[in-house]
Amino acid sequence: DVKVTQSSRYLVKRTGEKVFLECVQDMDHENMFWYRQDPGLGLRLIYFSYDVKMKEKGDIPEGYSVSREKKERFSLILESASTNQTSMYLCASSFMGGYTEAFFGQGTRLTVV
Amino acid sequence: SQQGEEDPQALSIQEGENATMNCSYKTSINNLQWYRQNSGRGLVHLILIRSNEREKHSGRLRVTLDTSKKSSSLLITASRAADTASYFCATDVKKTSYDKVIFGPGTSLSVIP
């Protein structure tokens, strides 16, 4: 079975802290994605990567950065966490091509206090 | 408004009844996907329908696609309490070097035993 694993289910951080959210997939997928999910807004794409060291901004990249040094790992970085970044963060991966499903991790619920 | 929007936002039915959710989108697509999310978890892929397909079945699920109306529907027949979840449609937006997948805000389905 395909597995996408996010490093934490729940995380509480203080305003101004640097936060790392890690995601690992075991299916050799080219594409990896970071979304945030807020009530009534669905999933909004933050960043995605279609190859190692390649990244593209999504719809809401401000306040975030990403790193993909290895194909299986995609990290989301909050450079200086703020309370408006309190949200559910979802990582996903898929094969290149656009005609295949995305596999999601279990999500990280981040609270910034 | 968003590329993909589900309707209704919330739906409550009795076990055994059918549930129908609709998705409307704005721009041309290559494919449309439906996902399910159980409370507080990641998303699980249900079905993908390509733009040249009109109907697709998977178990108790039936998806239709009308590209002239830019809409899709998901029908769950003989619903069960375990079908209680949020359902999202996702449409792809073709870019020059990648396919961007956009999710709608979702329909929350409650199946009452």
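Protein chains in written order, with our numbering: chain F, 32 to 144; chain Y, 2 to 114. Cβ coordinates follow ideal geometry from the N, Cα and C atoms, glycine included.
Query                                                                                                                     : Result
Residue nearest to Y/N19 in terms of C-alpha spacing, selected from Y/A79, Y/K27 and Y/L47                                : Y/A79
Simplified DSSP assignment, three categories, for F/D57                                                                   : coil
Contact set between F/F105 and chain Y, taken where Cβ atoms lie within less than 7 Å                                     : Those within 7 Å of F/F105 in chain Y number zero; the least Cβ separation is about 15 Å.
Cut-off 7 Å between Cβ atoms - residues of its own chain near F/S96, not counting five sequence neighbours on either side : I108 and E110
Option in F/R140, F/R99, F/F135 and F/S106 with minimal Cα separation from F/S118                                         : F/R140
From Y/H46, Y/R37, Y/G43 and Y/S74, residue whose alpha carbon lies closest to that of Y/Y26                              : Y/S74
Environment of Y/A82 [buried if 16+ CB atoms lie within 10 Å]                                                             : exposed
Where F/D90 sits in the DSSP three-state scheme                                                                           : coil
Short-range partners of chain Y found in the stretch 105-137 of chain F, where Cβ spacing is below 9 Å                    : M119, L121, C122, A123, S125, M127, G128, G129, Y130, T131, E132, A133, F134, F135, G136 and Q137
Inter-residue spacing [alpha-carbon to alpha-carbon] between F/L72 and F/L42                                              : 21 Å
Extent of the continuous beta strand (DSSP E) run through Y/N23                                                           : A20 to Y26
Whole-number beta carbon distance between F/S38 and F/E53, since they are thought to touch under 8 Å                      : 4 Å
Sequence-distant residues of the same chain with beta carbon closer than 6 Å to F/R104, five excluded per side            : V55
Whole runs of the beta strand (DSSP E) within the stretch 6-85 of chain Y, excluding any shorter than 3 residues          : 11-15, 20-26, 32-38, 44-51, 56-59, 62-67 and 72-77
Separation of Y/P106 from Y/S2, as counted between CA atoms                                                               : For Y/S2, the predicted structure reports a pLDDT of 43, less than 50, and the residue's modelled location is therefore unreliable. The matter cannot be settled from this model.
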